[in-house]
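Heads up, the final residue of the sequence shown is numbered 489 in the working numbering, and it's a clean run with no missing numbers.
Note that beta-carbon positions come from the ideal geometry of N, C-alpha and C, so glycine has one too.
Since the model is a prediction, treat every value here as computed from it, not as a measurement.
All remarks here apply to the structure that follows.
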Amino acid sequence: MNLQRLNPQEQKIVGQFGALTESSTTYWFGEEEYSRKYADGLMTFLVKSETGDYGIVYNDFKMNGGSFGQNPSSRVNEFIKYLGHHNTPLILMTNSLGARLMEGRNVFQDAFGIIPTLANFATKNLLVTVNMGRSLGIGALLYSMGHYRYTLKKDCVINLTGPEVIKMFFGKGYNFEEISSVERHQRNSSLVHEIFETKKALYQHLKNKVNFLNEPRQYQHYRRNNIDDIYKLETPDQRVEAIIDGVCEESFEVFDQLDGVVRTFICRRNGKLLGVFINPPGRPNNVINIRTMEKYQAALDLFKVLKLPIVSFMDTPGASPLNFIDSKKEVVIMLKDTASKIISYPYGKMGFCVGRGFGGATVLGFPKVFGGLFQFILKGSQVGIMHHSIIEKLLHKSERLLGQWRKTSANEPEDYSDIIAKGTIDAVIEYSEINSKIDIFQKICHGEEKLAEYTTRASYANTKLNRKNEADILPLQSNKNQLNRQI
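Here it is in structure tokens:
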């Protein structure tokens with residue numbers, strides 16, 4: 003297999019990808035010269051531009067329904083391995099009837115071999131998947147593997163099989179288009195992250211993100227706003243904007259069509275990229291639910307493959323004990339899985355409580371016992387096992403337990419000096435101090451400073467995971483070139 007630059011006539015083929023291939027040079031990957039017949043339903047292109055390289059795998063539905071035959075699947079496998087070797091991101095655009103039935107069981111090894119190849123690729127490289135029409139069978143499986151999963155809206159479906167099989171085995175009572183619609187998938191699960199009305203808008207969106215993440219910027223050309231008491235602003239969304247404008251020179255929101263209990267951003271700060279989680283401060287219904295944790299997990303996976311240090315601005319009264327309607331997932335299992343991803347996150351994490359921090363949901367603030375480098379409480383915030391008023395109601399039938407609680411509560415200082423001394427948090431700070439804390443965090447994550455220079459003796463000595471995580475943080479400076487190659 004080799005790369006062959008498309009001639010001007012062939013370049014028109016990739017014109018269908020709009021902004022994704024404009025002002026760029028496109029190469030075909032294969033043993034023979036490009037032809038639609040040789041592509042056989044699976045196109046493999048490498049796009050080179052000033053803002054970075056990326057691969058495109060595209061199902062040509064008009065050729066055998068974009069199905070995965072032996073020969074084109076073998077070529078896709080080799081192409082994915084090539085991209086992985088060169089740390090090049092991949093945009094996988096699915097529109098397929100699935101594995102090529104006409105080739106029988108011999109298709110299995112090549113077609114389904116794409117799954118482990120893609121899984122291995124995605125552990126170190128960015129994978130964006132886009133449903134362009136009908137993603138069926140293996141097409142649906144491959145789509146689900148993306149760190150970021152887009153889809154067009156009109157006439158688009160995702161399912162493990164087609165409508166004929168549904169009717170054959172389950173009767174005519176099931177509406178295939180309804181149960182397979184991308185809107186239903188986005189509403190009931192986290193399979194679909196974003197839906198776009200048109201190809202033009204989708205391609206331009208992807209190109210904008212490519213440019214943002216790949217173009218080096220000189221941070222001194224930008225001026226951040228000062229962060230004041232955000233609760234002077236009227237709405238939770240205004241407070242989110244105040245934090246983002248104060249923390250970053252530039253930013254864009256990710257997974258913004260998913261649950262609103264947390265908002266997630268990729269920011270550029272001091273010329274470096276940063277992942278940010280924010281529970282809209284003061285939002286009444288900031289209860290963490292299954293969909294919220296699906297969004298945390300999706301963002302953690304994306305930020306991890308982009309090798310971003312991450313910051314959490316937490317304001318939540320706790321996690322919901324109830325499952326969502328139509329969901330078979332358990333809140334406890336989801337919270338456990340989310341906590342595991344936070345604990346194992348290797349590129350540096352820190353948290354701020356900017357309102358409420360109660361119960362098990364506080365793990366989403368990246369606590370120090372989970373390996374967070376720093377943990378701060380903003381003045382005026384409330385942190386505890388549960389809100390005092392709720393504990394009073396729960397214990398009111400037991401004078402003994404209520405008395406024990408009131409004694410404990412009376413001994414908890416309002417300045418949180420007890421958990422500062424224990425090493426649970428570093429300090430209670432003003433909003434104006436947020437930026438200086440993140441500056442220190444960034445320097446540590448990029449190997450420019452040492453953690454011990456900035457933590458209190460109690461905090462540093464009592465948090466073994468803190469010291470361990472400092473040693474485990476990948477030195478991002480040495481991986482700068484690799485990071486810049488990621489979308």
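Assignment of PHE368 by DSSP, reduced to helix, strand and coil, places it in the coil class. Where THR119 is concerned, the enclosing alpha helix (DSSP H) starts and stops at 116 to 124. A contact is defined here as three or more CB-CB pairs under 8 angstroms, and the segment 336 to 343 meets this definition with respect to the segment 277 to 296. Under the DSSP assignment, MET95 falls outside any alpha helix (DSSP H), being part of the beta strand (DSSP E) whose first and last residues are 92 to 98. For VAL278, the three-state secondary structure derived from DSSP is strand. DSSP, reduced to helix, strand and coil, places ASN66 within a helical segment of the structure shown. Using a 10 angstroms sphere on the CB of GLN11, the tally of other CB atoms stays under 16, which defines it as exposed. Residues of the same chain with a CB within less than 7 angstroms of the CB of GLN13, apart from the 5 flanking positions on each side, are THR28 in chain order.
Taken through DSSP and simplified to helix, strand or coil, GLN259 comes out as coil. THR200 is classed as exposed because its beta carbon has fewer than 16 other beta carbons within 10 Å across all chains shown. With distances taken between CA atoms, ASP62 lies nearest to PHE47 out of LEU275, PHE47, ASP247 and VAL109. When only Cα atoms are considered, LYS155 and ILE312 end up about 32 angstroms apart. Considered as a whole, the segment 154 to 241 harbours 159 to 161 and 196 to 198 as its complete beta strand (DSSP E) runs of no fewer than 3 residues, in chain order.
Going by beta carbons, GLY68 and THR96 fall inside the 9 angstroms limit.
For VAL334, the enclosing alpha helix (DSSP H) begins and ends at 333 to 346. Taking ALA21 as the centre and dropping the five residues before and after it, the same chain places the C-beta of TYR205, GLN206 and LYS209 closer than 6 angstroms to its C-beta, in chain order.
Assigned with DSSP and collapsed to three states, SER37 falls in coil, not helix or strand.
Counting other Cβ atoms within 10 Å of its Cβ, MET134 reaches 16 or more and is therefore classed as buried.
Inter-residue distance for GLU180 and ILE160 is about 10 angstroms (C-alpha atoms, whole angstroms).
Separation of TYR349 and PRO415 (C-alpha to C-alpha, rounded to the nearest whole angstrom) is 34 angstroms. A straight-line Cα-Cα distance of about 42 angstroms links ASN213 and MET104.
By the Cβ test, the segment 422 to 436 is not in contact with the segment 257 to 265, since fewer than three Cβ pairs between them sit closer than 8 angstroms.
If you compare the alpha carbons of LYS381, GLY386, PRO118 and LEU375 with that of ASP441, the shortest gap goes to LEU375. The bridge partners DSSP lists for ALA300 come to none. If you draw a straight line from the Cα of TYR347 to the Cα of ASN127, it comes to about 16 angstroms. Distances from the alpha-carbon of SER383 to those of LEU235, MET170, GLY357 and THR410 put GLY357 closest. Taking C-alpha positions only, GLY175 is separated from ILE168 by approximately 9 angstroms.
Annotation: LYS395 to THR318 spans about 20 angstroms, alpha carbon to alpha carbon. With contacts defined by Cβ atoms closer than 9 angstroms, LEU85 and ARG151 do not form a contacting pair.
Cβ contact annotation for GLY361 (same chain, cutoff 7 angstroms, sequence separation greater than five): GLY320, ALA321, ILE387 and MET388, in chain order. When DSSP reads this structure, CYS269 sits in a beta bridge with SER253 and LEU276. Judged by DSSP in its simplified three-state form, ARG408 adopts helix.
Put simply, of VAL59, LEU120 and GLY373 the residue whose alpha carbon is nearest the alpha carbon of MET147 is LEU120. When secondary structure is reduced to three states using DSSP, ASP55 falls in the strand class.
In the three-state scheme derived from DSSP, where H, G and I count as helix and E and B as strand, VAL313 is classed as strand.
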